[in-house]
Amino acid sequence: MRTFIALLTFLATLVSPYAYAKPPNVLVSIAPLHSIVSAVTEGVFTPSLLIPAGQSPHHLSLAPSDAQRLHKADFILWVGPSLENYLVRPLDNLSRAPVVLALEHVASLTILPQRETIEWPEHTHSHDEHSDHAHLHEHDIDLLTSDPHLWLSPKNAAQIAQVVSEHLVLLDPENSLRYLKNTQDFQARLKQVDTNISNVLSDIKTMPYMVFHDGYQYFEQYYGLNSVGAMHLHPDSSLSVKRAHQIRDIIQGRAAVCIFKEPQFPDAMITNLLDGVAIKVGVLDPLGANIEPGPSGYFSLLEQLSTNLNACLNDPTSQEDRSE
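Sequence positions in the sequence shown follow this note's numbering and run 248 to 571.
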């Protein structure tokens with residue numbers, strides 16, 4: 248195995264037109280991906296994070312300083328236009344030619360279609376089962392209508408680490424052994440975290456709940472959870488009177504136990520809607536706004552999601568009651 252890796256490293260120095268004399272300047276768009284990359288590069292260098300986890304990446308305008316960081320980067324990792332549409336033009340206008348990897352174009356990742364309604368049928372599959380939609384990708388889905396929250400699938404996260412390490416081996420052959428070893432360590436730890444989360448969620452899989460916006464489909468389908476709907480399909484959409492009535496009907500008709508808000512958006516967006524509604528309120532965060540950036544951040548994100556789901560669904564009295 249070590250002989251194979253050494254050969255791969257040698258070949259990388261010969262064939263890669265992008266190899267650098269020092270570790271590359273890597274820029275990552277969002278915090279969960281930054282954590283995965285940090286795990287792969289640990290002990291070699293620390294990648295840069297473009298957008299802090301406390302900000303929603305759905306609609307942003309880049310500051311001049313951020314544009315400069317794009318111009319200086321050797322390797323840029325992002326989800327793609329379905330999430331970070333604000334990056335499309337700046338990336339097209341770069342004066343130099345860094346390696347730019349849009350994860351929604353990576354064939355080994357599972358890409359799910361964006362849901363089109365705010366109420367969803369009960370989902371009964373988990374990652375231990377094989378359904379027809381479990382292996383969809385861009386040849387099956389229009390990327391403009393794909394669900395961009397692909398990092399919330401542990402299976403995708405393992406593949407992201409693999410793809411990133413393969414690119415880094417070509418960019419920085421001198422440190423290839425470290426990148427490959429770090430990737431193996433990340434994937435091994437991910438398996439253990441995945442097992443622990445499956446145990447945490449085992450008792451709440453049938454419990455109905457709602458979310459603030461449709462950002463958790465990958466996590467829900469991977470673990471076989473029973474999310475019944477969302478206040479918003481897109482977090483920037485407004486809440487009409489008609490939509491408010493629909494949400495209340497879903498809560499009552501599906502006997503939703505909890506509804507989850509997000510720290511990136513004002514509480515008023517959910518509290519006004521729920522005045523007098525008998526439902527608990529929890530917090531879910533697809534980005535990890537309160538999680539320390541670094542190699543362990545992705546694991547903390549998954550664990551936080553499972554802990555918060557379990558706290559509200561398995562012990563509803565521990566959360567805020569909106570019925571009073």
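Glycine included, every Cβ here is placed at the ideal spot set by N, Cα and C.
> Residues in its own chain within less than 7 Å of Leu296 by CB, not counting five upstream and five downstream?
Replying inline: Scanning its chain for C-beta atoms nearer than 7 Å, with the 5 sequence neighbours on each side dropped, one finds around Leu296 the residues Val275, Ala278, His281, Pro540, in chain order.
> Distance, Cα to Cα, Leu560 vs Tyr456?
Replying inline: Looking at the backbone, the Cα of Leu560 and that of Tyr456 are separated by about 8 Å.
>> Once the 5 residues before and after Glu331 are set aside, which same chain residues still bring their CB inside 6 Å of it?
In response: Cβ neighbours of Glu331 beyond the five flanking positions: Ser276, Pro304, Trp325.
> Taking buried to mean at least 16 other C-beta atoms within 10 Å of its own C-beta, is Thr288 buried or exposed?
Replying inline: With a threshold of 16 other beta carbon atoms within 10 Å, Thr288 meets it and is buried.
> Where do the ends of the beta strand (DSSP E) carrying Ile323 lie?
Replying inline: Judged by DSSP secondary structure, Ile323 falls within the beta strand (DSSP E) whose first and last residues are 322 to 325.
>> Quick check on the DSSP output: what are the complete beta strand (DSSP E) runs of length 3 or more inside the region 296 to 351, in order along the chain?
In response: Counting only runs of 3 or more, we get 322 to 325, 346 to 349.
> Where Ser547 and Leu531 are concerned, what is the direct C-alpha to C-alpha distance, given to the nearest angstrom?
Replying inline: If you take the alpha carbons of Ser547 and Leu531, they lie about 13 Å apart.
>> Please state the DSSP three-state secondary structure of Val458.
In response: In this structure, Val458 counts as strand in the three-state DSSP scheme.
>> Given this structure, state the Cα-to-Cα distance separating Leu549 from Lys402, to the nearest angstrom.
In response: If you take the alpha carbons of Leu549 and Lys402, they lie about 12 Å apart.
> When we look at the beta-carbon of Thr430 and count the other beta-carbons within 10 Å, is it buried (16 or more) or exposed?
Replying inline: Classification of Thr430: buried, given that the 10 Å Cβ count is 16 or more.
> Is Ala408 near Gln434, with beta carbons less than 8 Å apart?
Replying inline: Yes.
> Looking at the structure shown, is His479 part of a helix, part of a strand, or coil, going by DSSP?
Replying inline: The answer is strand: DSSP assigns His479 an E or B state.
>> Once DSSP output is grouped into helix, strand and coil, what is the label at Ser553?
In response: Ser553 sits in a helix when the DSSP states are folded into three classes.
>> Suppose contacts are defined by Cβ-Cβ distances below 8 Å. Is Pro510 in contact with Ala536 by that definition?
In response: Judged by their CB atoms, Pro510 and Ala536 are nearer to each other than the 8 Å cut-off.
> Ser485: which of Gly471, Leu472, Ile517, Arg501 sits nearest, CA to CA?
Replying inline: Per the Cα distances, Ile517.
>> So if DSSP puts Leu560 in a beta bridge, which residue, or which two residues, is it bridged to?
In response: Leu560 has no beta-bridge partner at all, per DSSP.
> Mind checking whether Val291 and Asn446 have CB atoms under 8 Å apart?
Replying inline: At a Cβ-Cβ threshold of 8 Å, Val291 and Asn446 do not count as neighbours.
> Val488 lies in the alpha helix (DSSP H); which residues open and close that run?
Replying inline: In the DSSP assignment, Val488 falls within the unbroken alpha helix (DSSP H) covering 488 to 500.
> Between Lys269, Asn557, Thr293, which lies nearest to Pro542 when the distance is taken from Cα to Cα?
Replying inline: Pro542 has its Cα closest to that of Thr293, out of Lys269, Asn557, Thr293.
> Leaving out five residues before and five after Leu359 in sequence, what residues of the same chain have Cβ atoms less than 6 Å from its Cβ?
Replying inline: Within the same chain, Leu359 has close Cβ partners Asp394, Gln464.
> Short check: CB of Arg490 to CB of Val524, under 8 Å?
Replying inline: Contact flag unset, no.
> Can you name, in chain order, every residue of its own chain whose Cβ lies under 6 Å from the Cβ of Ala405, other than the five neighbours on each side?
Replying inline: Hits under 6 Å: Gln434, Leu437.
> Thinking C-alpha only, which one of Arg362, Ile323, Asp514, Leu480 is nearest Leu338?
Replying inline: Of Arg362, Ile323, Asp514, Leu480, the residue nearest in Cα terms is Ile323.
> What is the DSSP secondary structure of Ser378, reduced to helix, strand or coil?
Replying inline: Residue confidence for Ser378 is low, a pLDDT of 42 falling below 50, so the modelled location carries little weight and cannot support an answer.
> How long is the line joining the alpha carbons of Leu556 and Asn519, rounded to whole angstroms?
Replying inline: Roughly 22 Å separates the two Cα atoms.
> Do you know how far the Cα of Asp432 is from the Cα of Asp419?
Replying inline: Cα to Cα, the separation comes out at about 19 Å.
>> Within 10 Å of its beta-carbon, does Val458 have 16 or more other beta-carbons around it, so buried, or fewer, so exposed?
In response: Label assigned to Val458: buried.
> Quick one: what does DSSP say Leu274 is sitting in, helix, strand or coil?
Replying inline: Strand at Leu274.
> Buried or exposed: which applies to Asp441, given that a residue is buried once 16 or more other Cβ atoms fall within 10 Å of its Cβ?
Replying inline: Asp441 comes out buried.
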